[in-house]
Amino acid sequence: MAESLVLFESVINSCWFLRTSIILSRNKIDVFKSKLPKVPLEKYFPEYTAGPDINKAAKYILWRFMQANLARLSVYPHLTQATDTTNIRLVFAAVKETILQNALKDSGIL
100 MAESLVLFES
110 VINSCWFLRT
120 SIILSRNKID
130 VFKSKLPKVP
140 LEKYFPEYTA
150 GPDINKAAKY
160 ILWRFMQANL
170 ARLSVYPHLT
180 QATDTTNIRL
190 VFAAVKETIL
200 QNALKDSGIL
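Structure below.
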């Protein structure tokens, strides 16, 4: 997770992406949920104190990623489970909508 945060921070704050929207997909939420009671998040992030609550833990992880966004880019986070086709369809629809909105803005229509 720490490596993912470092990589995300370097990408989101890169001069190459100044006018970019970012779609942050955190996959395998089902695996995270099953591991959380056995491997406390506090072990890796001592400042996290909400215990094994999956919603609070996921919110905390997303918050950590958002804190890396010093460039203040638009970030669209999604928690996904690759085997949940309904969830994946929703994520892809959101991605498509984001791409369309950005294309319309870039063309001057919006």
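To convert, take the position in the sequence shown, counting from 1, and add 99; that gives the working numbering. Glycine residues also receive a C-beta, built at the ideal position from the N, C-alpha and C atoms. The model shown is predicted, which means the values in this text are computed figures rather than measured ones.
Three-way DSSP call (helix, strand, coil) for residue i in this model
i: ILE161; result: According to the sequence as given, residue 161 is Leu; it is not Ile. It is helical.
i: ILE122; result: strand
i: LEU172; result: coil
i: LEU104; result: helix
For residue j and residue i, the rounded distance between their alpha carbons
i: LYS142; j: PRO151; result: 12 angstroms
i: ASP129; j: LYS158; result: 15 angstroms
i: PHE107; j: ALA167; result: 7 angstroms
i: LYS132; j: ALA193; result: 24 angstroms
CB contact flag (residue i, residue j, <7 angstroms)
i: ILE111; j: LEU178; result: no
i: ALA156; j: LEU135; result: yes
i: VAL174; j: ILE121; result: yes
Burial state of residue i (16 or more Cβ within 10 Å)
i: PHE116; result: exposed
i: ALA181; result: exposed
i: PHE191; result: exposed
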